[in-house]
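Structure record follows, encoded as structure tokens.
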Amino acid sequence: MAKLNAELAGTAHVTTSGFGMIDVVAPNVNKAVGLQTLANHYGVTFDDMMALGRRK
Numbered sequence: 038m039a040k041l042n043a044e045l046a047g048t049a050h051v052t053t054s055g056f057g058m059i060d061v062v063a064p065n066v067n068k069a070v071g072l073q074t075l076a077n078h079y080g081v082t083f084d085d086m087m088a089l090g091r092r093k
């Protein structure tokens, strides 16, 4: 993964999501950005939302 991150620096970020898979995402994109996009689209705030996830 370090090699991929080095090759894609500035273009994409590579990380593992577990289960033998990898995620390739645009820089500065994460769950918080996705939730903010949804909040803006539906006209709600983070106080109106709930998110669940697994923290390492």
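The numbering used here puts the first residue of the sequence shown at 38, with every later residue one more than the last.
Using N, Cα and C, we set each Cβ at its ideal position, and we do this for glycine too.
From the DSSP output, which residues share a beta bridge with residue i?
i: HIS50; result: VAL62
i: GLY55; result: MET58
So which of the options has the shortest CA-CA distance to residue i?
i: LEU45; options: THR82, VAL81, ALA63; result: ALA63
i: LEU89; options: LYS68, THR74, ASN77, LEU41; result: LYS68
Terminal residues of the continuous alpha helix (DSSP H) containing residue i?
i: LEU2; result: The structure shown does not extend to residue 2, since the chain is modelled only from 38 through 93, so no value can be given for it.
i: ALA39; result: 39–44
Using only the heavy atoms of the ligand ATP, determine whether one of them is closer than 7 angstroms to the beta carbon of residue i.
i: ALA88; result: With respect to the ligand ATP, the structure offers nothing, as it holds no ligand at all.
Measure the C-alpha to C-alpha separation of residue i and residue j and round it to an integer number of angstroms.
i: VAL70; j: GLY47; result: 17 angstroms
i: PHE56; j: HIS50; result: 18 angstroms
i: ASP84; j: MET38; result: 35 angstroms
i: ILE59; j: MET86; result: 27 angstroms
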